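K.L.:
The structure that follows is given in the form of structure tokens.
Residue numbers (our numbering), protein chains in the order written: chain A, 1 to 295; chain B, 1 to 295.
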């Protein structure tokens, strides 16, 4: 089976779980729950929850044990997209061919549904901790990791600095890497480690997964920038060329250097898998896919 | 010592802890951390964290054990104020005599700092769980309670419905009570129970605290509406008369009925304290204060 088929199969299974664990849209206040479902059920690639399930297998566990944690990572990602698209941030009109959440539901409901989704993610992580019989320390670590990945030292910090540099074409490497690491890398690392944390995985295994996901996240972001610069708009599925006036890996280093860098990072991600005991095939497939993707 | 003096003493102690547990404003990205500190260190009454500490004493514990949980409740409250004030929501210019957070830092930083503050609250609850040696189930329950109090069935749901009815003077009682319970009650209940949950308090004690705080929260909100209708603007410390075109307890039932209702609720709150084993004096003082406050 080729990688695309494998990932599509995983995506379908994850999609069902993502829908199953969301609040029902008939629940009061209905409009908030409709907005939450709209923000999540949008045809995404679902790479992050697939990583969570694949990482559990790489540690020798059954992915089914940590499905809720996997969903929570994707919910957080969807929340971040709703926030990024807001008028005060990137002011985006469409995402994946549909109006953005705040365009469909209004700005206030957009903001509130993003926060509600975030809260739902914490609830699921807590539930998952109880499901697997995690002790207080493990549950606390998982919650703290989630909060840190999202908060001012994570995604929120990355988005803030990204807005600060908006319009600048020249930005120092350190700032650029800070943004990319926080906006993409942090959530990839969370995706790869959250399940293992709840399941009590050994520190060495978690450290390898952290290395894998850190490199993968950075490569993923670089490929995103390359696609923005030269991808086929129909295939990429979002406005392209939007970053031309913005500092990215591509505008700063050029396409060729960006490609070399992404390729090196993917090799490092794959190497980090070598010493893991469980089945690392899917994590390896994901790494290859991230480098060669066209959307 | 009169009640005002007691509460002022508690407030000062809480204030120090609130500052101590915040990220330092020099930490990168500085602007987010400045905004967080601005949103929190604003001269609030600190009633919610004082309730958390008082509730621990009412259960026979030392409040010092759950200071982080107390701070997290206040951080959540401050987060909700930042969100409520946003242009897409209440569009407020000032709060406690200063520009609102989004007016001082911009809308995007306002939204991001509110979310960062929320994440910090989860981190502190997780930390506090580890500090008191709570098992997985207790930590998970505390995290779930926090998430539920904030999310679509809590504060966020209340704020959403509140915005939906904006401009209407006639609203059914059920909707009005839903909003008040979610916007104020939920967080008061969380404040009263979060510490006990982490400390493994008996379900009966937690249930009494839930009754106390539910009644107190509703009374607090009614008194807020009365002060908005007839308070002294200098003393109240925020724009008053702003709710004249909005359905509140006062615009729907009139001031006299609102006063009677608040008074009945406070009696019920005080009665709920009767069977608790520990020192309930401070919780009782808070109830009396909430009814008679002038700001």
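The beta carbon of each residue, even a glycine, is placed where N, CA and C say it ideally should be.
The structure displayed is predicted, hence computed values, not measured ones.
(1) Taking the beta carbon of residue 203/B as the centre, do at least 16 other beta carbons fall within 10 Å, making it buried, or is it exposed?
(2) Using three-state DSSP, classify residue 203/A as helix, strand or coil.
(3) My output table needs one value for residue 259/B: the three-state DSSP class, helix, strand or coil.
(4) Could you give the first and the last residue of the continuous alpha helix (DSSP H) run that contains residue 132/B?
(5) Per DSSP, what are the beta-bridge partners of residue 94/B in this structure?
(6) Tell me which residues of the region 132 to 145 of chain B have at least one Cβ-Cβ distance to chain A shorter than 8 angstroms, keeping chain order.
(7) For residue 75/A, which residues of its own chain have a beta-carbon under 7 angstroms away from its beta-carbon, when the five flanking residues on both sides are left out?
(8) Assess contact between the region 79 to 93 of chain A and the region 103 to 114 of chain B, defined as three or more Cβ pairs (one per stretch) separated by less than 8 angstroms. Is contact present?
(9) Between the region 86 to 111 of chain A and chain B, which residues of the former have a C-beta closer than 9 angstroms to a C-beta of the latter?
(10) State the start and end residues of the unbroken alpha helix (DSSP H) segment that holds residue 33/B.
(11) Just to confirm my understanding: we take residue 156/A, look at its own chain, exclude 5 residues before and 5 after, and list those with CB closer than 7 angstroms. What are they?
(12) Report the start-end ranges of each alpha helix (DSSP H) in the region 126 to 180 of chain A that is 4 residues or longer and not cut off at the edges.
(13) Less than 8 angstroms between the beta carbons of residue 210/A and residue 189/A, yes or no?
(14) Counting along the chain, where does the alpha helix (DSSP H) carrying residue 85/B start and finish?
(15) Nearest-angstrom Cα distance between residue 96/B and residue 141/A?
(16) Establish whether the CB of residue 83/B and some CB of chain A are separated by less than 8 angstroms.
(17) Mind the definition here: the region 285 to 293 of chain B touches the region 63 to 72 of chain B only if three or more C-beta pairs lie below 8 angstroms; say whether that holds.
(18) Could you give the DSSP three-state label for residue 62/A: helix, strand or coil?
(19) So which residues on chain A does residue 31/B lean against when the C-beta distance must stay under 8 angstroms?
(20) Please work out which residues of its chain come closer than 6 angstroms, Cβ to Cβ, to residue 214/B, disregarding the five sequence neighbours upstream and downstream, and give them in chain order.
(21) For residue 103/B and residue 282/A, what's the separation of their Cα atoms in angstroms?
(22) Would residue 120/A pass as an interface residue toward chain B - the criterion being a Cβ-Cβ separation below 8 angstroms?
(23) Does residue 23/B have its Cβ less than 8 angstroms from a Cβ in chain A?
(24) Please identify the residue among 247/B, 79/B, 24/B and 14/B whose C-alpha is closest to the C-alpha of residue 174/B.
(25) Let me know the secondary structure DSSP gives residue 12/A once reduced to three states.
(26) Which of the three DSSP states is assigned to residue 279/A in this structure?
(27) For the candidate residues 83/B, 6/B, 98/B and 137/B, whose alpha-carbon lies nearest to that of residue 159/B?
(28) How would you label residue 28/B, buried or exposed, when you count the other beta carbons within 10 angstroms and need 16 or more for buried?
(29) Compile a chain-ordered list of the residues in the region 32 to 64 of chain B whose CB is closer than 8 angstroms to at least one CB of chain A.
(30) Using beta carbons (cut-off 8 angstroms, strictly below), is residue 279/B in contact with chain A?
(31) What's the call for residue 128/B, buried or exposed, on a 16-neighbour Cβ count within 10 Å?
(32) Can you pull the chain D residues whose beta carbon is under 8 angstroms from the beta carbon of residue 123/B, in chain order?
(33) List, in chain order, every chain B residue whose beta-carbon is nearer than 9 angstroms to that of residue 127/A.
(34) Hey, residue 113/B and residue 36/B: beta-carbon distance below 8 angstroms or not?
(35) Can you pull the chain B neighbours of residue 116/A, defined as C-beta to C-beta under 7 angstroms?
P.N.:
According to the data block:
(1) Around the beta carbon of residue 203/B, fewer than 16 other beta carbons lie within 10 angstroms, which makes this residue exposed.
(2) Secondary structure of residue 203/A (DSSP, three-state): helix.
(3) Reduced to three states, the DSSP call for residue 259/B is helix.
(4) Element bounds for residue 132/B: n/a, residue is neither H nor E.
(5) In the DSSP output, where bridge partners are listed per residue, residue 94/B has 99/B.
(6) From the region 132 to 145 of chain B, only 133, 134, 135, 136, 137, 138, 139, 140, 141, 143 and 144 have a Cβ closer than 8 angstroms to chain A.
(7) The residues are 40, 117, 120 and 121.
(8) Counting Cβ pairs under 8 angstroms, three or more are found: they touch.
(9) Correct list: 86, 87, 88, 89, 102, 106, 107, 108, 109, 110 and 111.
(10) 30 to 40 is the extent of the alpha helix (DSSP H) around residue 33/B.
(11) If we look at residue 156/A and ignore the five residues flanking it on each side, its Cβ neighbours are 150.
(12) Those alpha helix (DSSP H) runs which fall completely within the region 126 to 180 of chain A and span 4+ residues are 136 to 150, 155 to 164 and 173 to 180.
(13) Yes. Within cutoff.
(14) Annotation for residue 85/B: the continuous alpha helix (DSSP H) segment containing it runs 67 to 85.
(15) Rounded to whole angstroms, the separation of the alpha carbons of residue 141/A and residue 96/B is 36 angstroms.
(16) Chain A, which has a Cβ nearer than 8 angstroms to the Cβ of residue 83/B, makes this yes.
(17) Between the region 285 to 293 of chain B and the region 63 to 72 of chain B, the count of Cβ pairs shorter than 8 angstroms is below three; the stretches do not touch.
(18) Coil, per DSSP.
(19) Taking a Cβ-Cβ cut-off of 8 angstroms, the neighbours of residue 31/B in chain A comprise 160 and 164, given in sequence order.
(20) Closer than 6 angstroms at the Cβ level, and outside the excluded window around residue 214/B, lie 185 and 189.
(21) Taking the straight line from one Cα to the other gives about 48 angstroms.
(22) So yes, residue 120/A belongs to the interface.
(23) Judged by the 8 angstroms Cβ criterion, residue 23/B is in contact with chain A.
(24) Measuring from the Cα of residue 174/B, the nearest candidate turns out to be 247/B.
(25) Per DSSP, reduced to three states, the secondary structure at residue 12/A is helical.
(26) Of the three classes helix, strand and coil, the one that applies to residue 279/A here is coil, per DSSP.
(27) Across the set 83/B, 6/B, 98/B and 137/B, the C-alpha of 83/B shows the shortest separation from the C-alpha of residue 159/B.
(28) By the 10 Å Cβ count, residue 28/B comes out exposed.
(29) For the region 32 to 64 of chain B, the residues whose beta carbon sits under 8 angstroms from a beta carbon of chain A are, in order, 32, 33 and 36.
(30) With a threshold of 8 angstroms between beta carbons, residue 279/B makes no contact with chain A.
(31) By the neighbour-count definition (other C-beta atoms within 10 Å, threshold 16), residue 128/B is a buried residue.
(32) Absent from the structure is chain D; the protein chains it does hold are A and B.
(33) Correct list: 140 and 144.
(34) It is a contact, given that the beta carbons lie within the stated cut-off.
(35) What residue 116/A touches in chain B: 151, 152 and 156.
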